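Visitor: Numbering that gives the first Met the number 0 puts the sequence shown at residues 0 to 327. Idealized CB from N, CA, C, for every residue including glycine. Treat the numbers as computed from the prediction; the structure is a model and nothing was measured.
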Amino acid sequence: MSSFWKDKKVTVTGGGGFIGSHLCEALCEAGAIVTSADINEGHIGQSVHKNKIRFLKTDLFDYKQVIENFKGQDMVMHLAARVGGIEYNMKYMAEVYADNLLMLSAVTKSIIENNIKEALFVSSACVYPHDAIIPTPETEGFRSDPEETNEGYGWAKRALELSAKYLKKYKGINVAVVRPYNAYGPRDKFDPKHSHVVAALINKVYGAADGTIQVWGSGNQTRALLYVKDAVKGMMLAAEKYPEADPVNLGNDREYTIREVAETIIKISGLNVKIVYDTSRPEGYERRSSLNQKAKDKIAFETEYTLEQGLKETMEYYKNFIINSQKK
0 MSSFWKDKKV TVTGGGGFIG SHLCEALCEA GAIVTSADIN EGHIGQSVHK
50 NKIRFLKTDL FDYKQVIENF KGQDMVMHLA ARVGGIEYNM KYMAEVYADN
100 LLMLSAVTKS IIENNIKEAL FVSSACVYPH DAIIPTPETE GFRSDPEETN
150 EGYGWAKRAL ELSAKYLKKY KGINVAVVRP YNAYGPRDKF DPKHSHVVAA
200 LINKVYGAAD GTIQVWGSGN QTRALLYVKD AVKGMMLAAE KYPEADPVNL
250 GNDREYTIRE VAETIIKISG LNVKIVYDTS RPEGYERRSS LNQKAKDKIA
300 FETEYTLEQG LKETMEYYKN FIINSQKK
């Protein structure tokens, strides 16, 4: 990364979370002065840079507290979100929508109040409708309602993008917006209620007491999986090179079927596990794949990690931190 980040005071909302903790690490390595604004330290304690990252306990629903904790910052990178897997997002649709809007409101107003001139707002591929063009260009983002299983979260992220637009247009604040696709990696949420596809599959494989795992849907649905270190790199590039409040996809040029992901996880694990596909359960998007030309043109973004490389690092983390903690 360039000198753009050196000594820049950056607050990351959700900095103790999965992607946020990796972003805090990368920012430290680039020379930034990093604050994690989160309800708890989360994964910061696992970071090699834990002594460099300032943790500021922040209730992102508390507008006055957020204003106070953003004081003196050069940039805010807003990653904090309430979100889970398909079942969670459907069960708590209204709460997911409302809570993300509440956090967005507090963050947006606090940026204005503190006269902060730079920001990154992290949106999601969940803004896209079920019938979006595949691979999906950014122009599909508001064409029709978001995909039904993630509708509440999708609308909340569309609101986030509008907030970024208005900060740029009416307040002159440089705001980058990214739409990551299916990020996975170490520190992901592995509990069944909140986990996304890769973490859920890893958890199932290592927990398969009877030697079988159940996968929702046919297994033929595809995802443009993005390793967390690639995602973080894209976020930093967007903040530096394209703060135009104009959404940019962050995804993988390669689509992977859920079947392929599950089989690769089993192969790496070395376990004898069979897969049972439950076609009576919802599988979300049949295909989810990003058109990445804009990211290449605007921020020179390219992924570095293959699926196997990313899964190996993720599964190593799972064995070292999740399984070992369960044994204690």
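(1) Where does HIS48 sit, in a helix, a strand or coil, going by DSSP?
(2) What is the rounded straight-line gap between the Cα of MET0 and the Cα of ASP209?
(3) Just curious, the alpha helix (DSSP H) that LEU159 is in, first and last residue?
(4) May I ask you to report which of helix, strand or coil DSSP gives ILE133?
(5) In terms of alpha-carbon separation, which member of LEU103, TYR91, ILE264 and GLU160 lies closest to TYR62?
(6) LYS266: which of PRO246, GLY233 and LEU306 sits nearest, CA to CA?
(7) Let me check one thing: in DSSP terms, what residues is SER289 bridge-paired to?
(8) Quick check: the Cα distance between ILE85 and ARG186, rounded to an integer number of angstroms?
(9) Could you check which residue in LEU59, GLY30 and LEU159 has the C-alpha nearest to that of HIS48?
(10) Please report the straight-line C-alpha distance between SER289 and ASN323, rounded to a whole angstrom.
(11) Spatial neighbours of LEU310 within its chain, please: C-beta separation below 7 Å, excluding the five flanking residues on both sides.
(12) For ASP37, is the classification buried or exposed, using 16 other Cβ atoms within 10 angstroms of its Cβ as the cut-off for buried?
(13) Residues in the same chain with beta-carbon distance under 6 Å from GLY216, minus the five sequence neighbours each way, listed in chain order, please.
(14) Whole angstroms are fine: how far does the CA of TYR226 sit from the CA of ILE110?
(15) Using CA coordinates, which residue listed in GLU94, GLY218, LYS228 and LYS273 is at the minimum distance from SER279?
(16) Which word fits PHE300, buried or exposed, when buried means at least 16 other C-beta atoms lie within 10 angstroms of its C-beta?
(17) I need the DSSP call for ASN173, collapsed to helix, strand or coil.
(18) Between ALA124 and the rest of its own chain, which residues show a CB-CB distance below 6 Å, the 5 nearest in sequence each way excluded?
(19) For a quick check, are the C-beta atoms of THR34 and LEU59 less than 8 Å apart?
(20) Excluding sequence positions up to five away, which residues of its chain have a Cβ less than 6 Å from the Cβ of ILE298?
(21) Quick check: what's the CA-CA separation for SER122 versus LYS70?
(22) Looking at the C-beta of VAL121, does it have a partner C-beta in chain C at a distance below 8 Å?
(23) Look up THR263 in the DSSP assignment and say whether it is helix, strand or coil.
(24) With a cut-off of 8 Å on the beta carbons, I'd call VAL272 and ALA207 a contact; round off their distance for me.
(25) Give the range of the alpha helix (DSSP H) segment to which ILE85 is assigned.
Guide: So, from the data block:
(1) Three-state result, HIS48: coil.
(2) The predicted position of MET0 is uncertain, since its pLDDT is 49 and thus under 50; a value taken from the coordinates is nonetheless stated next. Rounded to the nearest whole angstrom, the CA to CA distance from MET0 to ASP209 is 47 Å.
(3) Its alpha helix (DSSP H) spans residues 150 to 170.
(4) It is coil, neither helix nor strand.
(5) Measuring C-alpha to C-alpha distances from TYR62 to each of LEU103, TYR91, ILE264 and GLU160 identifies LEU103 as the nearest.
(6) With distances taken between Cα atoms, LYS266 lies closest to LEU306.
(7) In DSSP, SER289 forms a bridge with THR135.
(8) In a straight line, the C-alpha of ILE85 is about 19 Å away from that of ARG186.
(9) The residue with the shortest Cα to Cα distance from HIS48 is GLY30.
(10) Taking the CA atoms as reference points, SER289 sits about 36 Å from ASN323.
(11) The answer, listed in chain order, is THR263, ILE264 and ILE267.
(12) With 16 or more Cβ atoms within 10 Å of its Cβ, ASP37 is classed as buried.
(13) The beta carbon of GLY216 sits closer than 6 Å to those of GLU282, all from its chain and outside the five residues before and after it, given in chain order.
(14) So the two alpha carbons sit approximately 29 Å from each other.
(15) Out of GLU94, GLY218, LYS228 and LYS273, GLY218 has the C-alpha closest to the C-alpha of SER279.
(16) In the assembly as shown, PHE300 is a buried residue. Its beta-carbon has 16 or more other beta-carbons within 10 Å.
(17) In the three-state scheme derived from DSSP, where H, G and I count as helix and E and B as strand, ASN173 is classed as strand.
(18) Excluding sequence neighbours, ALA124 sits near ARG178 and TYR180.
(19) No, they are not a contact pair.
(20) LEU236, ALA237, LYS240 and TYR241.
(21) Their Cα atoms are separated by approximately 24 Å.
(22) Among the chains of the structure shown, chain C does not appear; only one protein chain is present.
(23) Reduced to three states, the DSSP call for THR263 is helix.
(24) Yes, VAL272 and ALA207 are in contact; Cβ-Cβ is about 5 Å, under 8 Å.
(25) 85 to 90 is the extent of the alpha helix (DSSP H) around ILE85.
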